[in-house]
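Below: the structure, in structure tokens.
Residue numbers (the UniProt record's numbering): 1 to 126.
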């Protein structure tokens, strides 16, 4: 995940006719930060910045992370229990400004989702 982050950012920026300086200003980060992202020398941005990038370019986090569509599961393919757990997880993250480390509650929700998915499919998918 995020192996091609720099390439994706650069491609999106160029496609939208933005300079690195324009992108930095819109995301409220420094110009060197954008440059490092594009050159593969920077760290992956904070979750809030990732979301801001997605909103700016009208893409999903999966698109930004370079996750192929075939590796995703449509929500309507999830059981009602899985959908409820997913809603709880989304609300948990939505109410958090920045979360470099997951809370104990967030970890439990993720583990419950993973356990439920593994139980239903019979195999773990990491």
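From the three backbone atoms N, C-alpha and C, an ideal C-beta is built for every residue, glycine too.
For residue i, which of the options has the nearest alpha-carbon?
i, options, result
"residue 29", "40, 90 and 46", "46"
"residue 52", "86, 112, 33 and 26", "26"
How would you label residue i, buried or exposed, when you count the other beta carbons within 10 angstroms and need 16 or more for buried?
i, result
"residue 14", "exposed"
"residue 11", "exposed"
"residue 38", "buried"
"residue 44", "exposed"
"residue 9", "buried"
Between residue i and residue j, what straight-line distance do the alpha-carbon atoms span, to the nearest angstrom?
i, j, result
"residue 17", "residue 57", "11 Å"
"residue 21", "residue 74", "36 Å"
"residue 112", "residue 91", "15 Å"
"residue 63", "residue 109", "24 Å"
"residue 77", "residue 32", "42 Å"
How would you write the range of the alpha helix (DSSP H) that residue i sits in, first residue to last?
i, result
"residue 42", "That residue, residue 42, is in no alpha helix (DSSP H); it is neither H nor E in DSSP."
"residue 64", "61–65"
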